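There are 2 protein chains.
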Amino acid sequence: MAEGFAFRVTAQCGKARRGVLSTPHGDVDTPAFMPVGTRAAVKGLSPAQLAETGTQIVLANTYHLLLRPGTATVAQLGGLHRFMAWNRPLLTDSGGYQVFSLAELRRTDDDGVEFRSHIDGTPLRLTPEAAIAAQNELGADLIMALDECPALPAGSGALREAVRRTLVWAERSRAAHRRADQALYGIVQGGLDLALRRNCLERLVELGFDGYALGGLSVGEPQEAMWGLLHDFAAELPADRPRYLMGVGTPRDLVEAAAAGLDQFDCVLPTRNGRKGYAFTSLGVRRLRNARHRASDEPLDPACGCYTCRTVSRGYLRHLLATGEVLGATLVSIHNIAFYQELMRQMRAAIEAGVFESWRRAFASSPAAGLSEDGS
Amino acid sequence: MAEGFAFRVTAQCGKARRGVLSTPHGDVDTPAFMPVGTRAAVKGLSPAQLAETGTQIVLANTYHLLLRPGTATVAQLGGLHRFMAWNRPLLTDSGGYQVFSLAELRRTDDDGVEFRSHIDGTPLRLTPEAAIAAQNELGADLIMALDECPALPAGSGALREAVRRTLVWAERSRAAHRRADQALYGIVQGGLDLALRRNCLERLVELGFDGYALGGLSVGEPQEAMWGLLHDFAAELPADRPRYLMGVGTPRDLVEAAAAGLDQFDCVLPTRNGRKGYAFTSLGVRRLRNARHRASDEPLDPACGCYTCRTVSRGYLRHLLATGEVLGATLVSIHNIAFYQELMRQMRAAIEAGVFESWRRAFASSPAAGLSEDGS
């Protein structure tokens, strides 16, 4: 691995792994959940509030930072860690996913993508070299090769073409990488096609990366189809490198993915749902705008020890959300991230204790795993 | 004063007073600045973030809480302290000011005000008895009599009529008050007319209140006219009771008002300006959306020790504000409140040290007193 990095698996239970990923900015306990700080801020949370949720590593989006304030400006301001006042591990994506999902595309070919900014229409170009140069400027501990991520369902021709291009771009990403203090991950594409995934992985391992990510999942396919692919395939990723499932998912998804042998996850759900007043709790999802919470002096989740649950009532949260006070979005986001981090902590403990399978069964039948509203 | 309350002046320097106001929820050092938590939340700040600014007492608006979630609901949830998770001193206003400024008025007579909610048009009625009952339900430590506050300039007939009605309502407010653990303040009206102010005060003192407030200022008159009235009149308020100047003001206003002998202040400026990216600093007002802050790695205010100034750069704040990240509004509001609290602390120290007049002159000629942008 790159300088200052190490990955040790400290316990295993079935395919699930408990590990520690060391980076120049500190250690990450795996399985690890990474909240999304799109524009170098996890929406509504100060760095201190974020640290208090138990978060060890945060993801930021290169596409958004390329547009504003520009990666050169972030570099001038001391790099991403200093910029967002997060002196702990960070990961940036390549920018490719947002180019394909947000920008107005002009042309995609093997060289790269021409697109227009979704903010002001400025014409821009993303190539593997540009994606790596931007991430070298940002300076996150973990960075990603540029890939092409097709929405599912996709025809086998489109999937095959995306894998071919992803491999071309992976090789160029690797060649363009200039900083020894950043670990570079390769991304496996191939949709739900196991043979295609295997082929993609094999070529990536030949190139050699510090970590391996699964891309192109949770992009339209049924949840069970994704779980099936994970259980069939994830354990084939190199055992001595961190395995990262990109952009996934619900609490249940994370448990299934950890069971399949994955180590790192990111998802906007805790914060996006938090802003809407949807809370993940041990009793199921709570929709806090619902009038039935109006006079409740109970905490949001009686099983949770986060700042929000220690401090305010459901009735107060309902009031803040109903009146549009942004503090409501912040407090529910704090809880949701803490809920995810507590879930990861429980998984790590269950793996260490050698009881992950029974823990997983118990979790799957608990209200916490459901997305339906609690009955209380 | 009411049960569990005391007010001691511990030092005096000219007309300026340093004191301690004791309440059932703790002490308040005066001169004191009270941030505004309109709907039981200081916009964007958690209770922990608010406490970290050095804030000892917060104001909440009865009108807003009457409409949503209703004062009975707040009472059911344990009262305002428990509701907003602020177990320190609180003050509520009577609701009158917002009824006159926000609601659609139907009829005002000596009995009270008929109005329609600015949210959904619900017809409602505010009388002195209703304003006190609502505040008794909320349970703040300090509560206010209902008054009528005319905008300035106002004809002498309108001012005289407002004073007459304010006195009728003051007497009924006093009679309606039911809780011994809340201190009730009377409000002096009378615009810039010194004789009218004196007449109003004299009648209020005959009735007897726990504290006295100056209302009807900073409502359209020139700043110097308000300062003149304060210097001519404020020291006539009873010396053994806290003196509260409602809804004022800029840093310079607060210094002039403290010099005139006032003890308590509230204003939305630190948070309202904070949300716009306008910061009060020792170097003058900074407009953080300005592109010249884009690449600045300097703190917002080099003389400030608040969380924001300790943690992030001006360039990062500019980025958050330019991209609409609500964290920017929160971080600048934290700084602005801390700036106000540090100003109060400096005033208290200067009064204690017997050097308030020279401190005030130095402040008045410093960039911190100005509202013009710094040149840096």
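Read top to bottom, the protein sequences are chains L and H. For the record, in the first sequence the residue sitting at position 331 is 313 according to our numbering, with numbers rising by one throughout. For the record, in the second sequence the residue sitting at position 368 is 350 according to our numbering, with numbers rising by one throughout. Don't be surprised by glycine CBs; every beta carbon is placed ideally from N, CA and C. None of the values given here were measured: they were computed from a predicted structure.
Per-residue contacts from residue i into chain L (C-beta, under 7 angstroms)
| i | result |
| --- | --- |
| H/Q58 | A277 |
| H/F65 | Y298 |
Interface residues of chain L facing residue i [CB-CB closer than 9 angstroms]
| i | result |
| --- | --- |
| H/P29 | T293, V294 |
| H/L302 | R21, A22, A23 |
| H/Y289 | S28, A30 |
| H/T55 | R276, A277, G297, H301 |
| H/M309 | Note that residue 309 of chain H corresponds to Leu in the displayed sequence, not to Met. Result: A23, V24, K25, G26, L27, S28, T312. |
Interface partners of residue i on chain H, CB under 7 angstroms
| i | result |
| --- | --- |
| L/T305 | R21, R50 |
Chain H residues whose Cβ lies nearer than 8 angstroms to that of residue i
| i | result |
| --- | --- |
| L/V150 | None at all; the shortest Cβ gap to chain H is about 33 angstroms. |
Distance between beta carbons of residue j and residue i, contact taken as under 8 angstroms
| i | j | result |
| --- | --- | --- |
| H/L325 | H/L196 | With 8 angstroms as the limit, H/L325 and H/L196 do not qualify as a contact, their Cβ atoms being about 20 angstroms apart. |
| H/L212 | H/A239 | 5 angstroms |
| H/T109 | H/G94 | 3 angstroms |
| L/G1 | L/F(-11) | 6 angstroms |
| H/I114 | H/H46 | Rounded, the Cβ-Cβ distance is 17 angstroms, inconsistent with contact. |
| L/P71 | L/T5 | 5 angstroms |
| H/T55 | L/R276 | 6 angstroms |
| L/M16 | L/L73 | 6 angstroms |
| L/F338 | L/A(-2) | 5 angstroms |
| L/G297 | L/L303 | About 11 angstroms; that fails the 8 angstroms criterion. |
| L/T232 | L/V18 | About 15 angstroms separates the two Cβ atoms, so there is no contact after all. |
| L/Q323 | L/T37 | 6 angstroms |
| H/P281 | H/T12 | At roughly 29 angstroms, the Cβ-Cβ gap does not stay under 8 angstroms, so H/P281 and H/T12 are not in contact. |
| H/G259 | H/R271 | 5 angstroms |
| L/G173 | L/A136 | 6 angstroms |
| H/A127 | H/S155 | 4 angstroms |
| H/E334 | H/A(-7) | 5 angstroms |
| L/L120 | L/H100 | Contact flag wrong, Cβ pair sits at about 20 angstroms. |
| H/G26 | H/T312 | 4 angstroms |
| H/F262 | H/F345 | Actually they do not touch by this definition, with Cβ atoms about 13 angstroms apart. |
| L/Y167 | L/G198 | Between L/G198 and L/Y167 the Cβ distance is about 14 angstroms, and since that is not below 8 angstroms, they are no contact. |
| L/N181 | L/V145 | 7 angstroms |
Residue-chain proximity (residue i, chain B), Cβ-Cβ < 8 angstroms
| i | result |
| --- | --- |
| L/T232 | Absent here is chain B; the protein component of the structure consists of chains L and H. |
The segment 243 to 256 of chain L touching the segment 183 to 191 of chain L, judged by at least three CB pairs closer than 8 angstroms: no
Any 3 or more C-beta pairs closer than 8 angstroms across the segment 306 to 326 of chain L and the segment 281 to 298 of chain L: yes
Short-range partners of chain L found in the segment 12 to 27 of chain H, where Cβ spacing is below 9 angstroms: T20, R21, A22, A23, V24, K25, G26, L27
Segment contact flag, the segment 326 to 342 of chain L with the segment 54 to 71 of chain H, C-beta cutoff 8 angstroms, min 3 pairs: no
Touching by the beta-carbon criterion (3+ pairs, under 8 angstroms), the segment 39 to 49 of chain L and the segment -16 to -3 of chain L: no
Contiguous beta strand (DSSP E) assignments of at least 3 residues, all confined to the segment 79 to 144 of chain H: 86 to 91, 94 to 98, 105 to 108, 124 to 126
Runs of beta strand (DSSP E) wholly within the segment 221 to 295 of chain H (minimum 3 residues, chain order): 225 to 227, 246 to 249, 260 to 263, 266 to 269
Length-filtered (4 minimum) alpha helix (DSSP H) runs lying within the segment 158 to 227 of chain H: You should have 176 to 189, 205 to 215.
contact_flag[the segment 121 to 135 of chain L, the segment 69 to 88 of chain L] where n(CB pairs < 8 angstroms) is 3 or more: yes
Touching by the beta-carbon criterion (3+ pairs, under 8 angstroms), the segment 200 to 208 of chain H and the segment 146 to 166 of chain H: no
Start-end ranges of the alpha helix (DSSP H) lying completely within the segment -16 to 67 of chain H, minimum 4 residues: 29 to 34, 44 to 49, 53 to 58, 61 to 65
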